[in-house]
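2 protein chains.
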Amino acid sequence: MSPVAVVGLGPGAADLCTPEVRRLLSDATDWVGYDTYLDLAVGIVAPGPEQTLHRSDNREEAARARAALDLAADGRDVVVVSSGDPGIFAMAAAVMEQLYEGGWPDVEVTVHPGVSAAQATAARAGAPLGHDFCVVSLSDNLKPWSIIERRLDAAASADFVLALYNPRSRARPDQFLRALEVIAAHRGDETPVVLGRDVGRPDESVRILTLRQLRQADEAEQVDMRTTVIVGSSTTRLLRDGAYTPRSYPA
Amino acid sequence: MSPVAVVGLGPGAADLCTPEVRRLLSDATDWVGYDTYLDLAVGIVAPGPEQTLHRSDNREEAARARAALDLAADGRDVVVVSSGDPGIFAMAAAVMEQLYEGGWPDVEVTVHPGVSAAQATAARAGAPLGHDFCVVSLSDNLKPWSIIERRLDAAASADFVLALYNPRSRARPDQFLRALEVIAAHRGDETPVVLGRDVGRPDESVRILTLRQLRQADEAEQVDMRTTVIVGSSTTRLLRDGAYTPRSYPA
């Protein structure tokens, strides 16, 4: 069977990309991915003349997945490139969706994990994910906003730490403040919030705010699609220039 | 300042350990960790005569963290070794708890992420974490069982995928079935469940069951502390010999 390997580069730094993914990039004949992520891959493994790069725009996941499966069916050795972990709001599910629809019986698909943006952000801040947590995408491109609010409400009411992906885009600038409002119904004003932007890349920034501060328009407006937002639980504490969530929970 | 680097090896295979963590292991004078995880580290980076290994039993996290901070305060270059990601139910929070209590003003602590057990298990199965998910430890050593049930109920009611750590130990063999009962109040019998045991190590196994099958005593009894359990949402589907959760959610 010809292979499609769906790989996660990690946050972007070569130092955070697993040897397994580097090897798959080196061995493949074709790299398929969103333009920005192929640029990251080129920074980690320099492609040689034996490698063809297939760049596509963001939001073309389904077409990209089909193109990768077609290349493998033609006998090529294909990697599909995601940043972070391909299994977390990335290309692994997009490829599986196409396989589920049918076709490509002779193509074998494997998934190769990477360090996610939430993990990289958490590590820079200390240990905000040190206890039970939820990971939620605030994008309503593929799910109704009502289910997003319901999940935020459920997770916040049960005092989970929350890692928010795709928190705020130009197409929906105000939903982020609404999401924070849902969370704030269950959280104190002083709850620590970690904002990681482009963590693991040259222009990385990590900021620690309180939930009250982030709910101010001038702070919220700085959050964009390249930011991962970690909202603490009731037990998350500031420490030095970061934050952590203790392993124990009061009875 | 003398450093303590809290590092995550990933699941155990050298191929899944980041170059950053390998470098920190190579450069450190002292490795501090649970016996089993130091064995994994030795399999990834062979320690030289310049390295001292400090092995401790499981459940001695607080004492281990203090020992690491004391070594660094004495001028040693220390790594604290976790498997998976040190920020997810591992040593990063344990070290931060000690720092929070006070002391060690001259010790600088950094955290270095790794691929978690949930990510490695998900990758082997396809993409079960492809949509919003929660990560919950079922251990009630450090938190009351009531908060665990409340979190499982909240997460299941809002149709999150659930990744369960520390699912079942000899000390609490029956709580796992109770946890599944709480989840099953919101999930169909045929919900796919992924069981990953020692994924990324030589004896790895990955099994796919339905929630109904896992609730049978003979299946549940095979689950132990080395197993990561991923319970699908209402949209998670079987595919080939794995499972995935689509990126889209019905309105």
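Heads up: the protein sequence lines correspond to chains L and P, in order.
First residue of the first sequence? That's -18 in our numbering, and the numbers climb one at a time after it.
First residue of the second sequence? That's -18 in our numbering, and the numbers climb one at a time after it.
A virtual CB, placed ideally from N, CA and C, is assigned to each residue, including glycine.
Treat the numbers as computed from the prediction; the structure is a model and nothing was measured.
Put residue i into one of helix, strand or coil per three-state DSSP.
{"i": "aspartate 184/L", "result": "coil"}
{"i": "tyrosine 230/L", "result": "coil"}
{"i": "arginine 12/P", "result": "Here residue 12/P turns out to be tryptophan, not arginine, going by the sequence shown. If DSSP states are grouped into helix, strand and coil, tryptophan 12/P belongs with the strands."}
{"i": "proline 86/L", "result": "coil"}
{"i": "leucine 176/L", "result": "strand"}
{"i": "isoleucine 129/P", "result": "helix"}
{"i": "arginine 149/L", "result": "coil"}
{"i": "proline -16/L", "result": "strand"}
{"i": "threonine 217/P", "result": "coil"}
{"i": "arginine 196/L", "result": "coil"}
{"i": "threonine 102/P", "result": "helix"}
{"i": "alanine 139/L", "result": "coil"}
{"i": "isoleucine 69/L", "result": "coil"}
{"i": "serine 120/L", "result": "coil"}
{"i": "threonine -1/L", "result": "coil"}
{"i": "alanine 27/L", "result": "coil"}
{"i": "leucine -10/L", "result": "coil"}
{"i": "arginine 36/L", "result": "strand"}
{"i": "proline 76/L", "result": "Note that residue 76/L is valine in the sequence shown, not proline. In the structure shown, valine 76/L sits in a helix (DSSP, three-state: H, G or I)."}
{"i": "alanine 108/L", "result": "strand"}
For residue i, collect the residues of the same chain with a Cβ closer than 6 Å to its Cβ; drop the 5 residues on either side in sequence, then sort them by chain order.
{"i": "glycine 14/L", "result": "Val62"}
{"i": "cysteine -2/P", "result": "Leu(-10), Gly(-9) and Ile25"}
{"i": "arginine 36/L", "result": "Asp16 and Leu19"}
{"i": "phenylalanine 70/L", "result": "Ser118 and Tyr146"}
{"i": "arginine 57/L", "result": "Thr10 and Asp11"}
{"i": "serine 120/L", "result": "Asn147"}
{"i": "proline -6/L", "result": "One detail in the question is off: residue -6/L reads as alanine in this sequence, not proline. Result list for alanine -6/L: Gly181, in chain order."}
Near residue i, which residues of its chain fall below 8 Å by C-beta distance, leaving aside the five closest residues on each side in sequence?
{"i": "threonine 208/P", "result": "Pro148, Arg149, Leu176, Gly177 and Arg178"}
{"i": "arginine 228/P", "result": "Gly111 and His112"}
Can you give the Cα-Cα distance for residue i and residue j, rounded to whole angstroms?
{"i": "leucine 19/P", "j": "arginine 153/P", "result": "27 Å"}
{"i": "alanine 43/L", "j": "leucine 123/L", "result": "12 Å"}
{"i": "tyrosine 230/L", "j": "proline 125/P", "result": "7 Å"}
{"i": "serine 138/P", "j": "phenylalanine 114/L", "result": "16 Å"}
{"i": "glycine -11/L", "j": "threonine 102/L", "result": "16 Å"}
{"i": "threonine 10/P", "j": "arginine 4/L", "result": "30 Å"}
{"i": "alanine 166/P", "j": "threonine 172/P", "result": "12 Å"}
{"i": "leucine 195/P", "j": "arginine 168/P", "result": "13 Å"}
{"i": "leucine 21/L", "j": "glycine 95/L", "result": "14 Å"}
{"i": "alanine 104/P", "j": "histidine 93/L", "result": "6 Å"}
{"i": "glycine 68/L", "j": "valine 76/L", "result": "10 Å"}
{"i": "glycine 181/P", "j": "leucine 190/P", "result": "20 Å"}
{"i": "glutamine 284/L", "j": "valine 116/P", "result": "Lying before the first or after the last residue shown, residue 284/L is absent from chain L, which here runs from -18 to 232."}
{"i": "serine 186/L", "j": "serine 214/P", "result": "34 Å"}
{"i": "valine 60/P", "j": "threonine 91/P", "result": "10 Å"}
{"i": "aspartate 205/P", "j": "glutamate 31/L", "result": "46 Å"}
{"i": "aspartate 66/L", "j": "valine 163/L", "result": "27 Å"}
{"i": "isoleucine 211/P", "j": "valine -13/L", "result": "20 Å"}
{"i": "leucine 192/L", "j": "aspartate 170/L", "result": "5 Å"}
{"i": "glutamate 41/P", "j": "methionine 72/P", "result": "10 Å"}
{"i": "alanine 224/L", "j": "alanine 108/L", "result": "6 Å"}
Below 7 Å CB to CB, which residues in the same chain sit around residue i once its five sequence neighbours on both sides are set aside?
{"i": "threonine 33/L", "result": "Thr10 and Asp11"}
{"i": "arginine 188/P", "result": "Leu176"}
{"i": "valine 88/L", "result": "Met(-18), Ser(-17), Val(-15), Leu50, Ala53 and Ala54"}
{"i": "glutamine 79/L", "result": "Ala43, Ala46, Arg47 and Leu50"}
{"i": "phenylalanine 141/L", "result": "Asp113, Phe114, Cys115 and Ser214"}
{"i": "asparagine 39/L", "result": "Tyr15"}
Using a Cβ-Cβ distance under 7 Å, would residue i count as near chain C?
{"i": "glycine 111/L", "result": "Protein chains in the displayed structure are L and P, and chain C is not among them."}
**Request:** Return the residues of the stretch 70 to 93 of chain L that lie within a Cβ-Cβ distance of less than 7 Å from chain P, sorted by chain order.
**Result:** Ala73, Ala74, Ala75, Met77, Glu78, Leu80, Tyr81, Val92 and His93
**Message:** Between the stretch 78 to 85 of chain P and the stretch 41 to 55 of chain L, can you find at least three pairs of beta-carbon atoms closer than 8 Å?
**Reply:** no
**Message:** For the pair the stretch 209 to 222 of chain L and the stretch 158 to 170 of chain P, tell me if three or more CB-CB distances fall below 8 Å.
**Reply:** no
**Item:** Selection of the stretch 114 to 134 of chain L by Cβ proximity to chain P, strictly under 9 Å
**Value:** Phe114, Cys115, Val116, Val117, Ser118, Asn122, Leu123, Lys124, Pro125, Ser127, Ile128, Ile129, Arg131, Arg132, Leu133 and Asp134
**Prompt:** Pairing CB atoms from the stretch 24 to 33 of chain L with CB atoms from the stretch 129 to 145 of chain L, are three or more of them under 8 Å?
**Reply:** no
**Asked** Which of the residues in the stretch 0 to 13 of chain L, read from start to end, lie with their CB under 7 Å from any CB of chain P?
**Response** Pro0 and Glu1
**Contact residues within the stretch 12 to 29 of chain L, judged by C-beta distance below 8 Å to chain P** = none
**Request:** With 7 Å as the limit, tell me which residues of the stretch 44 to 73 of chain P have their beta carbon closer than that to any beta carbon of chain L; keep them in chain order.
**Result:** Asp66, Gly68, Ile69 and Ala73
**Residues from the stretch 135 to 167 of chain L in contact with chain P, defined by Cβ distance under 8 Å** = Ala135, Ala136, Ser138, Ala139, Asp140 and Phe141
**Prompt:** In chain order, what residues of the stretch -14 to 0 of chain P put their CB closer than 9 Å to some CB of chain L?
**Reply:** Val(-13), Gly(-11), Gly(-9), Pro(-8), Ala(-6), Ala(-5), Asp(-4), Leu(-3), Cys(-2), Thr(-1) and Pro0
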